[in-house]
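Engineer:
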Amino acid sequence: MYYYLSFLRPPPSSIDIAVPSGGITITPQIANDLRTECVSRVQRVPSSAGPSSSSSSLLPPPPLPTAPVLLTTYLPPSSTYKPNLVPLPKGCQVGDVWYLGLTTNAGGGRAQVPLQRGRIVDVWSQGIRITSSSSTSSTSSGSTSLSSSDSKSNGRKDPKSKSKPGSKNSGSSKPLKREYEGPKQTRIFRSWVLPPFERIMSVVEETSFDLDKKIWDSGLALTSYLTQLSSPAASTSSPTSSPVSPPLPFPAPSDLIDRLQRPRARILEIGAGTGLVGIGLAASEIGSQAGMRVMITDLPSAIPLIDENIELNRSLWRSRSGQEDDEPRVRSGVLDWDEEVPDWVWSWDEPEGAADVTYNTDSFPSLISTLSRLFNPHLITTSTSPSNAAPLLLLAYKQRHAAERTLWPALKEIGIELTKFGTISGHEEDLGVDVVTGRDEEEGEEVRSGMGGTELWIGRKKV
């Protein structure tokens, strides 16, 4: 289990420094991936700011933000809806774009933390554009009051003026409040440091309730494990560690390592959501060493965000010369479980990854049908893949309802067997993420439910 920092009240898209306001008001939240359970321990929440080198507010946050400054101490329920005032950075000017970052890790002078240690996941806002409705306001000293705005504030009346007689507010003693903040933001960034060279991966989430546009525990746990895999040493009982990550918590199956290390291994991810797992795997040490190709798939509604996240992280898998390979390392494709499997899929028959695809039991028949075709021996042997090898299924699963366990016997019926090979711990020591590979050794074993676990399974076709 992980906890996620987020904005219950998000920052604005712009701020008008000509209108006194006292600052940008936000309400932070630290909760689980469903946002239904807040963290139960006291957490100090520093904030950090970073300038953009571009006028665009859609780029990821900068790698070297300002040093974090304590914003608030978070302890529900008293902190759940508490607004917090955030001053603008010193020296910001009209036309600048700044990002606001929240973290519980104040050390190191930046909000990003190594993926494997980020038990409370940091958050960055989109860019906040500095504007001014007054030609005389151009710079914030850091000690003056702050404000925000967009074009809607231009031409509005002074906040102290009253409504004209006959207007909608006629007879009211309240002044017409001048808006200083632009529209509330609808997207956030999350950033992690990837081993072994402290490269920064950023992923965009949307703050809507669309399930395919958010990061979930299982995907984060699987990405955390995969980015620690490096070389044959990763599959031994005495794995090595990188400068920014702890030792691998448990060995990976040797056949999984062998598959991932194949030159130009072709990995298919299904039900990808934001694309976090596929992007992280391609950017990992083992993915880079092998020149791995990753196809990230989901429904059509998810593809635009996946494509954006691929583009944001493209520099992570460029060759040492800085040039792209002759074939894109990471790309997206539509794979609808209710439709026929498209022909292009048959060139992607190496390990297939899936994270958080079990939350909707109504989709199980479609999922099983798709997996049955992907594991069909006849279709594999007639595929266009260079290897013609039987695929592996690497499944990340966090139980949210006991009915989801019906997937296991359904997989067994189509000949896919599973075996557990480890547990990834989350924020709480007693709440874990189980990692599993292909034979059915779970029968008779107690199953932990609720917030406790995310399991990773590798499925193999029984012969």
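Residue numbers for the sequence shown follow UniProt numbering, so the first one is 1 and each next one is one higher.
The beta carbon of each residue, even a glycine, is placed where N, CA and C say it ideally should be.
Considering only DSSP beta bridges, list what Leu281 is partnered with.
Structural biologist: By one-based count along the sequence shown, residue 281 stands at place 281. Paired residue(s): none; Leu281 is not in a bridge.
Engineer: Take every Cβ of the region 8–19, pair it with every Cβ of the region 124–132, and state whether three or more of those distances are shorter than 8 Å.
Structural biologist: Yes, the region 8–19 is in contact with the region 124–132.
Engineer: Taking buried to mean at least 16 other C-beta atoms within 10 Å of its own C-beta, is Leu316 buried or exposed?
Structural biologist: Counting from 1 along the sequence shown, the entry for residue 316 is found at position 316. Burial call: buried.
Engineer: Just the C-alpha distance for Leu85 and Pro28, rounded to the nearest angstrom, thanks.
Structural biologist: As a working note, residue 85 is residue 85 in the sequence shown. As a working note, residue 28 is residue 28 in the sequence shown. So the two alpha carbons sit approximately 11 Å from each other.
Engineer: If you compare alpha carbons, which of Ala396, Leu34, Gly23 and Lys461 is closest to Phe209?
Structural biologist: As a working mapping, residue 209 is identified with position 209 in the sequence shown. For Phe209, the nearest C-alpha among the options comes from Leu34.
Engineer: When you compare the CB positions of Leu100 and Pro12, do they come within less than 8 Å of one another, or not?
Structural biologist: As a position in the sequence shown, residue 100 is number 100, starting the count at 1. As a position in the sequence shown, residue 12 is number 12, starting the count at 1. No; because the gap between Cβ atoms is not below 8 Å, this pair is not in contact.
Engineer: For Arg373, which option in Met201, Pro342, Ala265 and Pro68 has the closest C-alpha, if you only look at C-alpha atoms?
Structural biologist: Sequence index remark: in the sequence shown, residue 373 carries index 373 (1-based). Checking every option, the nearest Cα to that of Arg373 belongs to Pro342.
Engineer: Touch check for the region 182–191 and the region 249–262: three-plus C-beta pairs under 8 Å?
Structural biologist: Contact fails: fewer than three Cβ-Cβ distances are below 8 Å.
Engineer: So what's Val193 in DSSP terms, helix, strand or just coil?
Structural biologist: In the sequence shown, residue 193 corresponds to position 193, counting from 1. Residue state, collapsed to three classes: strand.
Engineer: So, with DSSP's three-state summary, where would you put Glu413?
Structural biologist: The count along the sequence shown starts at 1 and reaches residue 413 at position 413. Residue state, collapsed to three classes: helix.
Engineer: Figure out for me which residue from Arg405, Glu417 and Tyr397 has the closest Cα to the Cα of Thr423.
Structural biologist: Residue numbering aside, residue 423 sits at position 423 when the sequence shown is read from its first letter. It is Tyr397.
Engineer: Take the Cβ of Leu211 as the centre, count every other Cβ of all protein chains shown within 10 Å, and call the residue buried at 16 or more, exposed below.
Structural biologist: By 1-based counting over the sequence shown, the position of residue 211 is 211. Result: exposed.
Engineer: Cβ of Ser218 within 8 Å of Cβ of Thr454?
Structural biologist: For the purposes of this step, residue 218 is identified with residue 218 of the sequence shown, where counting begins at 1. For the purposes of this step, residue 454 is identified with residue 454 of the sequence shown, where counting begins at 1. Yes; because the gap between Cβ atoms is below 8 Å, this pair is in contact.
Engineer: Would you list the residues sitting across from Gln29 in a DSSP beta bridge?
Structural biologist: Within the sequence shown, residue 29 is the residue found at index 29, counting from 1. Looking at the DSSP assignment, Gln29 forms a beta bridge with Ser6.
Engineer: Measure the Cβ-Cβ separation of Ile286 and Ser332 and say whether it is below 8 Å.
Structural biologist: The residue labelled residue 286 in the question sits at position 286 within the sequence shown. The residue labelled residue 332 in the question sits at position 332 within the sequence shown. No.
Engineer: What is the residue span of the alpha helix (DSSP H) that Asp258 lies within?
Structural biologist: By one-based count along the sequence shown, residue 258 stands at place 258. From DSSP, the alpha helix (DSSP H) with Asp258 extends over Ser254 to Leu260.
Engineer: Could you tell me the alpha carbon to alpha carbon distance between residue 466 and Gly127, rounded to whole angstroms?
Structural biologist: Any question about residue 466 goes unanswered here, given that the chain covers just 1 to 463.
Engineer: Mind checking Ser21: buried by the 16 CB within 10 Å criterion, or exposed?
Structural biologist: As a working note, residue 21 is residue 21 in the sequence shown. It is buried - the Cβ of Ser21 has at least 16 other Cβ atoms within 10 Å.
Engineer: Please report the residue range of the alpha helix (DSSP H) in which Leu305 lies.
Structural biologist: Position 305 of the sequence shown, counted from the first residue, corresponds to residue 305. Residues Ile303 to Leu312.
Engineer: Around the Cβ of Asn32, are there at least 16 other Cβ atoms within 10 angstroms (buried) or fewer (exposed)?
Structural biologist: Within the sequence shown, the letter at position 32 stands for residue 32. It counts as buried.
Engineer: Measure the beta-carbon distance from Leu229 to Leu260 and round it to whole angstroms, keeping in mind my assumption that it falls under 8 Å.
Structural biologist: Residue numbering aside, residue 229 sits at position 229 when the sequence shown is read from its first letter. Residue numbering aside, residue 260 sits at position 260 when the sequence shown is read from its first letter. Confirmed, Cβ separation roughly 7 Å.
Engineer: Considering just the uninterrupted stretch of the alpha helix (DSSP H) at Ala221, what are its terminal residues?
Structural biologist: Locating residue 221 in the sequence shown gives position 221, counting from the first residue. Where Ala221 is concerned, the enclosing alpha helix (DSSP H) stretches over Asp217 to Leu226.
Engineer: Can you tell me the Cβ-Cβ gap for Gly273 and Lys214, rounded? I've got them flagged as a contact below 8 Å.
Structural biologist: Residue mapping note: residue 273 aligns to position 273 of the sequence shown, counting from 1. Residue mapping note: residue 214 aligns to position 214 of the sequence shown, counting from 1. Yes, they are in contact, since the Cβ atoms of Gly273 and Lys214 sit about 7 Å apart, within 8 Å.
Engineer: Can you name the start and end residues of the beta strand (DSSP E) that Leu371 belongs to?
Structural biologist: For the purposes of this step, residue 371 is taken as residue 371 along the sequence shown, with counting starting at 1. No beta strand (DSSP E) contains Leu371, which is instead part of the alpha helix (DSSP H) from Phe364 to Leu374.
Engineer: Sort Asn360, Pro391, Thr361 and Leu256 by Cα distance to Phe375 and report the nearest one.
Structural biologist: As a first step, residue 375 is located in the sequence shown; it is residue number 375 there, counting from the start. Ranking Asn360, Pro391, Thr361 and Leu256 by Cα distance to Phe375 puts Pro391 first.
Engineer: Just to confirm the assignment: which complete beta strand (DSSP E) runs, minimum length 3, are found wholly within the region 76–104?
Structural biologist: Fully enclosed beta strand (DSSP E) runs of 3 or longer: 84–86 and 97–102.
Engineer: For Leu71 and Ser40, what's the separation of their Cα atoms in angstroms?
Structural biologist: On the sequence shown, position 71 is the one that residue 71 refers to. On the sequence shown, position 40 is the one that residue 40 refers to. Leu71 and Ser40: Cα-Cα distance of roughly 19 Å.
Engineer: Is it buried or exposed, Ala49, if we count other Cβ atoms within 10 angstroms and call 16 or more buried?
Structural biologist: Counting from 1 along the sequence shown, the entry for residue 49 is found at position 49. By the 10 Å Cβ count, Ala49 comes out buried.
Engineer: May I ask which residues mark the beginning and end of the beta strand (DSSP E) holding Met295?
Structural biologist: For the purposes of this step, residue 295 is taken as the residue at position 295 of the sequence shown. Where Met295 is concerned, the enclosing beta strand (DSSP E) stretches over Arg293 to Asp298.
Engineer: Can you give me the C-alpha to C-alpha distance between residue 520 and Ser363, rounded to a whole angstrom?
Structural biologist: For the chain, the structure presents residues 1 to 463; residue 520 sits outside this window and is missing.
Engineer: To which residues of the same chain is Ala290 closer than 8 Å at the C-beta, ignoring the five residues directly before and after it?
Structural biologist: Along the sequence shown, one-based indexing puts residue 290 at 290. If we look at Ala290 and ignore the five residues flanking it on each side, its Cβ neighbours are Leu260, Gln261, Arg262, Pro263, Arg264 and Ala265.
Engineer: Could you round the C-beta distance between Val357 and Leu268 to whole angstroms and report it? I think they count as a contact, below 8 Å.
Structural biologist: Here residue 357 is taken as the residue at index 357 of the sequence shown, counted from 1. Here residue 268 is taken as the residue at index 268 of the sequence shown, counted from 1. Val357 to Leu268, Cβ: 13 Å. No contact.
Engineer: What span of residues does the beta strand (DSSP E) with Pro46 cover, start to end?
Structural biologist: As a working note, residue 46 is residue 46 in the sequence shown. Looking at the DSSP string, the run of the beta strand (DSSP E) that includes Pro46 is Gln43 to Pro51.
Engineer: May I have the straight-line CA-CA distance separating Thr25 from Arg9, to the nearest angstrom?
Structural biologist: Walking along the sequence shown from the start, residue 25 turns up at place 25. Walking along the sequence shown from the start, residue 9 turns up at place 9. Rounded to the nearest angstrom, the two C-alpha atoms are 8 Å apart.
Engineer: Over the uninterrupted beta strand (DSSP E) stretch that includes Tyr397, give me the two end residues.
Structural biologist: As a working mapping, residue 397 is identified with position 397 in the sequence shown. Where Tyr397 is concerned, the enclosing beta strand (DSSP E) stretches over Leu392 to Lys398.
Engineer: How would you label Thr370, buried or exposed, when you count the other beta carbons within 10 angstroms and need 16 or more for buried?
Structural biologist: Walking along the sequence shown from the start, residue 370 turns up at place 370. Answer is buried; the Cβ neighbour count reaches 16.
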